[in-house]
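A.B. asks:
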Amino acid sequence: MAVEEEAGRPTWGRQIEFTLAGIGCAVGLGNIWRFPYLCYRSGGGAFLVPYLLMLVVLGIPLLHMELTLGQYLRRGPVLALAKACPLLKGVGMATVAISFIMCTYYNIIISWALYYMFSSFRSELLWENCNNTWNTANCTDQVTNSSFASTASQQFFNLKVLERTSGVDETGTLRWELFLLLLLAWILVYLCIFKGVKSTGKVVYFTALFPYVILLALLINNVQLPGAIDGIRFFIIPEWDKLLNVEVWINAAAQIFNSIGIGFGSLMAMSSYNNFNNNVLKDTLAISITNSLTSIFAGFVIFSAFGYMSHLQNVPVSEIAVDGPGLVFVVYPQAFVTMPVAPLWAVLFFFMLLCLGLDSQFAMVEVMVTSLLDSYSNPILKHLKRKEFLVLAVCCAAFLLGIPHVMQVGIYVFQLMDHYTAIVSIMFLAFFEVVGVCWIYGVKRLSSNLIEMTGKRPNIFFRVCWWVICPVLITVILVFSVIQFKPARYEGYVYPPWAQAVGWVIALASIIWIPLGAAHTLWVLPGSFAQKLKKSITPFSLDEDSESLYYQQKGAIMEVIPNIAIISSDKPPIQTNL
Numbered sequence: 001m002a003v004e005e006e007a008g009r010p011t012w013g014r015q016i017e018f019t020l021a022g023i024g025c026a027v028g029l030g031n032i033w034r035f036p037y038l039c040y041r042s043g044g045g046a047f048l049v050p051y052l053l054m055l056v057v058l059g060i061p062l063l064h065m066e067l068t069l070g071q072y073l074r075r076g077p078v079l080a081l082a083k084a085c086p087l088l089k090g091v092g093m094a095t096v097a098i099s100f101i102m103c104t105y106y107n108i109i110i111s112w113a114l115y116y117m118f119s120s121f122r123s124e125l126l127w128e129n130c131n132n133t134w135n136t137a138n139c140t141d142q143v144t145n146s147s148f149a150s151t152a153s154q155q156f157f158n159l160k161v162l163e164r165t166s167g168v169d170e171t172g173t174l175r176w177e178l179f180l181l182l183l184l185a186w187i188l189v190y191l192c193i194f195k196g197v198k199s200t201g202k203v204v205y206f207t208a209l210f211p212y213v214i215l216l217a218l219l220i221n222n223v224q225l226p227g228a229i230d231g232i233r234f235f236i237i238p239e240w241d242k243l244l245n246v247e248v249w250i251n252a253a254a255q256i257f258n259s260i261g262i263g264f265g266s267l268m269a270m271s272s273y274n275n276f277n278n279n280v281l282k283d284t285l286a287i288s289i290t291n292s293l294t295s296i297f298a299g300f301v302i303f304s305a306f307g308y309m310s311h312l313q314n315v316p317v318s319e320i321a322v323d324g325p326g327l328v329f330v331v332y333p334q335a336f337v338t339m340p341v342a343p344l345w346a347v348l349f350f351f352m353l354l355c356l357g358l359d360s361q362f363a364m365v366e367v368m369v370t371s372l373l374d375s376y377s378n379p380i381l382k383h384l385k386r387k388e389f390l391v392l393a394v395c396c397a398a399f400l401l402g403i404p405h406v407m408q409v410g411i412y413v414f415q416l417m418d419h420y421t422a423i424v425s426i427m428f429l430a431f432f433e434v435v436g437v438c439w440i441y442g443v444k445r446l447s448s449n450l451i452e453m454t455g456k457r458p459n460i461f462f463r464v465c466w467w468v469i470c471p472v473l474i475t476v477i478l479v480f481s482v483i484q485f486k487p488a489r490y491e492g493y494v495y496p497p498w499a500q501a502v503g504w505v506i507a508l509a510s511i512i513w514i515p516l517g518a519a520h521t522l523w524v525l526p527g528s529f530a531q532k533l534k535k536s537i538t539p540f541s542l543d544e545d546s547e548s549l550y551y552q553q554k555g556a557i558m559e560v561i562p563n564i565a566i567i568s569s570d571k572p573p574i575q576t577n578l
């Protein structure tokens with residue numbers, strides 16, 4: 001169905017397309033590796049208790065808030081937050097910055113998935129044994145926890161796929177295979193989104209739904225493997241003493257936060273293309289609940305494989321070594337080796353990762369494109385002529401910035417950027433977004449917006465969460481993130497001080513927009529400092545100031561040239577660049 005036009009802004013052809021796009025944005029690679037890893041590290045089933053609680057009191061209310069704001073103001077995060085809270089308009093700029101930074105390195109995961117997928121089209125998987133040119137003397141084709149040996153799967157990832165160097169000081173050479181796969185990944189992203197919501201809305205029918213087919217097939221296969229029930233038992237039976245550990249609760253809140261994408265601006269940007277009277281609560285529940293159910297579903301798939309590996313290794317499930325992305329690219333591929341028809345399962349699994357990664361990548365690129373068009377549509381379209389060329393420019397820029405990740409030093413660059421972007425920056429962004437929307441824009445105004453759009457007021461649960469619970473929880477998470485902060489590291493490698501300093505520069509690349517935006521707002525508003533400050537925490541004051549300035553200028557011109565009939569319009573021009 002063609003995209004309909006509403007007040008000059010395109011809308012989703014069918015509302016189900018936004019829901020699927022939102023699910024695709026929220027459900028990503030983190031559901032497959034980060035959730036099971038946090039579950040595993042936090043005592044299995046014990047993690048599910050705080051995770052589900054945080055979903056109810058943090059995830060659902062904040063997603064409802066973001067979708068409501070985006071749909072009502074019909075703008076991406078930059079202009080939406082500038083209107084809601086002029087003083088914190090930099091938060092909107094920061095969400096665009098963090099999404100763009102993340103999309104430059106997130107696509108490398110898709111490149112790795114493509115490498116594994118293409119490598120799986122053979123009768124014998126390349127990581128099945130140690131009889132390859134890249135294998136070293138300490139290689140073993142059995143799962144092991146020994147610090148002196150490494151599995152064939154580990155060596156395939158580190159020595160064949162990455163050809164990684166000894167550290168960030170040694171850059172190495174360009175990995176041409178990964179470079180071409182990164183280019184292919186960006187071509188796939190561009191072809192799927194270059195028509196905006198018109199093309200994205202059609203692609204998500206496949207990319208959002210197909211992963212569930214593969215997950216179900218993998219689960220059916222895994223539960224038949226010996227030892228699988230032990231892994232599932234570890235996943236669903238809580239170790240209650242773990243609930244006394246504050247870190248488990250912080251991890252649960254952070255996982256809800258990062259998985260749904262609060263603070264990244266992606267879902268706010270996509271909701272700005274909704275029909276004005278769309279039932280935003282229905283989308284909120286569909287996206288957030290589907291996201292969490294997918295994580296739990298993936299948990300059964302991954303933990304059944306853990307049980308199988310513990311059976312092969314003859315050790316308890318709790319003693320299997322897993323760490324971050326290695327779960328996807330080292331541990332799980334090792335489990336494929338002894339499965340029946342191993343290459344088929346490997347191809348399906350890595351194709352699923354491709355679909356999951358593309359969905360999230362669509363959303364991050366869309367944030368940048370939407371925000372640029374909202375703020376600078378006239379000059380951009382004047383020079384580039386078509387939106388498709390803007391999307392191409394964004395994709396090309398992100399591709400070029402992603403090249404360091406496909407050098408031999410790439411994995412260290414990737415880990416450094418991910419640590420300081422996804423862990424450090426996002427917590428600050430979320431805190432200021434919640435303060436700006438829940439307290440300064442206000443729960444009362446947010447409720448009025450919902451009444452205007454849907455005819456229904458949000459219930460007392462959402463209002464209490466917006467006013468008290470969410471700000472308090474975000475503050476607690478931020479404080480503990482600072483207290484428990486640990487410098488970036490990759491496996492046993494500790495980054496040198498200069499690399500850590502670069503990491504902080506990466507973090508500041510997004511955070512810095514918050515004070516800069518506040519300073520700019522106070523600079524452009526008229527009056528004394530106290531008057532500026534008061535106006536800066538008044539929603540839509542930048543719009544009002546622009547309109548006031550327009551009428552002042554118009555009056556001055558009318559005094560000088562009273563007979564010019566063209567200056568007779570009572571409607572000021574729309575201010576789009578705040």
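In this note's numbering, the protein residues as written are 1 to 578. Don't be surprised by glycine CBs; every beta carbon is placed ideally from N, CA and C.
Is it buried or exposed, R164, if we count other Cβ atoms within 10 angstroms and call 16 or more buried?
C.D. replies: Counting Cβ neighbours within 10 Å, R164 comes out buried, since at least 16 surround it.
A.B. asks: For L20, which residues from the same chain have a beta carbon less than 6 Å from its beta carbon, with the 5 sequence-adjacent residues on both sides left out?
C.D. replies: The answer, listed in chain order, is V204, A208.
A.B. asks: Given S510, which residues of its chain have a CB within under 6 Å of its CB, disregarding the five upstream and five downstream residues?
C.D. replies: Closer than 6 Å at Cβ, skipping near neighbours: A94, A97, I98, S425.
A.B. asks: Using the three-state DSSP reduction, which class does W12 fall into: helix, strand or coil?
C.D. replies: Note: W12 maps to coil in three-state DSSP.
A.B. asks: Can the beta-carbon of G70 be found closer than 8 Å to that of A80?
C.D. replies: Against a cut-off of 8 Å, the Cβ pair of A80 and G70 comes out as a contact.
A.B. asks: Among the residues of its own chain, which have a CB less than 8 Å from the CB of N129, if the five just before and after it don't count?
C.D. replies: D141, A152, listed in sequence order.
A.B. asks: Of the choices H64, P539, I512, L114, whose alpha-carbon is the least far from that of D283?
C.D. replies: D283 has its Cα closest to that of H64, out of H64, P539, I512, L114.
A.B. asks: Of the residues D543, L416, L67, W127, which one's Cα is nearest the Cα of I260?
C.D. replies: For the residues D543, L416, L67, W127, the minimum Cα distance to I260 belongs to L67.
A.B. asks: Please report the Cβ distance between V91 and L516, rounded to the nearest whole angstrom; I am assuming they are in contact, meaning their Cβ atoms lie under 8 Å.
C.D. replies: That belief does not hold up - the Cβ atoms of V91 and L516 are roughly 11 Å apart, past 8 Å.
A.B. asks: Considering Cα atoms alone, identify which of I514, V328, L162 is closest to V78.
C.D. replies: When each option's Cα is compared against that of V78, the closest is I514.
A.B. asks: With 16 other CB atoms within 10 Å as the buried threshold, where does V301 fall?
C.D. replies: When all chains shown are included, V301 counts as buried.
A.B. asks: Helix, strand or coil for T151 per DSSP?
C.D. replies: If DSSP states are grouped into helix, strand and coil, T151 belongs with the strands.
A.B. asks: Would you report the Cα separation of A2 and G13, rounded to the nearest angstrom?
C.D. replies: Confidence in A2 is poor, its pLDDT being 31 and thus under 50, which makes the residue's placement unreliable; the coordinate value appears in the next sentence. Roughly 6 Å between the two C-alpha positions.
A.B. asks: Just list the alpha helix (DSSP H) runs in the stretch 435–501, keeping only unbroken ones of 4 residues or longer that don't cross its boundaries, in chain order.
C.D. replies: Whole alpha helix (DSSP H) segments, 4+ residues: 443–454, 460–464, 470–483.
A.B. asks: Less than 8 Å separating the beta-carbons of I584 and H520?
C.D. replies: Since the first residue shown for the chain is 1 and the last is 578, residue 584 is missing from the structure and cannot be characterised.
A.B. asks: State the Cα-Cα distance for the pair L372 and V168, rounded to the nearest angstrom.
C.D. replies: Each residue's Cα considered, the two are about 34 Å apart.
A.B. asks: Rank L478, Q155, F35, Y40 by C-alpha distance to the C-alpha of N138 and give the top, closest one.
C.D. replies: Nearest option by C-alpha distance: Q155.
A.B. asks: Tell me the start and end of each unbroken beta strand (DSSP E) in the stretch 33–82 that is at least 3 residues and wholly inside, in chain order.
C.D. replies: Segments of the beta strand (DSSP E) lying fully in the stretch 33–82: there are none.
A.B. asks: Is I256 closer than 8 Å to L58 when the C-beta atoms are compared?
C.D. replies: Yes, these two residues count as a Cβ contact at 8 Å.
A.B. asks: Decide if W523 is buried, meaning its Cβ has at least 16 other Cβ atoms within 10 Å, or exposed.
C.D. replies: Per the 10 Å Cβ criterion, exposed.
A.B. asks: If you drop the 5 nearest sequence neighbours on each side, which residues of the same chain put their C-beta closer than 7 Å to that of V342?
C.D. replies: The residue you asked about is not Val; residue 342 is Ala in the sequence shown. L125, F336.
A.B. asks: Run through the stretch 237–281 for me and flag every whole alpha helix (DSSP H) of 4 or more residues, listed as ranges in chain order.
C.D. replies: Those alpha helix (DSSP H) runs which fall completely within the stretch 237–281 and span 4+ residues are 246–260, 266–271.
A.B. asks: For V468, count neighbouring C-beta atoms within 10 Å of its own C-beta (all shown protein chains included) and say buried if the count is 16 or more, exposed if not.
C.D. replies: Exposed: under 16 other Cβ atoms inside 10 Å.
A.B. asks: Among residues of its own chain, excluding the 5 on either side of R489, which ones have a beta-carbon nearer than 7 Å to its beta-carbon?
C.D. replies: Excluding sequence neighbours, R489 sits near Y495.
A.B. asks: DSSP three-state label for T136, please.
C.D. replies: It is coil, neither helix nor strand.
A.B. asks: Applying the criterion that 16 or more other CB atoms from any shown protein chain within 10 Å of the CB defines a buried residue, is V479 buried or exposed?
C.D. replies: Classification of V479: exposed, given that the 10 Å Cβ count is below 16.
A.B. asks: What distance in whole Å lies between the Cβ atoms of V365 and C395, which are believed to be in contact at a cut-off of 8 Å?
C.D. replies: Contact holds; Cβ gap of about 7 Å.
A.B. asks: Suppose you measure from the CA of L52 to the CA of I423; what does that come to, to the nearest Å?
C.D. replies: Rounded to the nearest angstrom, the two C-alpha atoms are 21 Å apart.
A.B. asks: Once DSSP output is grouped into helix, strand and coil, what is the label at L174?
C.D. replies: Correct three-state label for L174: strand.
A.B. asks: How would you write the range of the alpha helix (DSSP H) that H419 sits in, first residue to last?
C.D. replies: No alpha helix (DSSP H) holds H419; DSSP gives it neither H nor E.
A.B. asks: At which residues does the alpha helix (DSSP H) containing K160 begin and terminate?
C.D. replies: Careful: K160 lies outside any alpha helix (DSSP H) and carries neither H nor E.
A.B. asks: Please confirm if Y441 has its CB atom under 8 Å from at least one CB of chain B.
C.D. replies: The question asks about chain B, but that chain is absent: this structure has only one protein chain.
A.B. asks: With DSSP run on the structure shown, which of helix, strand or coil describes M368?
C.D. replies: If DSSP states are grouped into helix, strand and coil, M368 belongs with the helices.
A.B. asks: Could you please give the first and the last residue of the uninterrupted alpha helix (DSSP H) stretch that includes N107?
C.D. replies: It spans 89–119 - the alpha helix (DSSP H) in which N107 sits, taken as one unbroken run.
A.B. asks: Within 10 angstroms of its Cβ, does P379 collect 16 or more other Cβ (buried), or is it exposed?
C.D. replies: Answer is exposed; the Cβ neighbour count stays below 16.
A.B. asks: Looking at F350: is its Cβ nearer than 8 Å to the Cβ of C192?
C.D. replies: No, they are not a contact pair.
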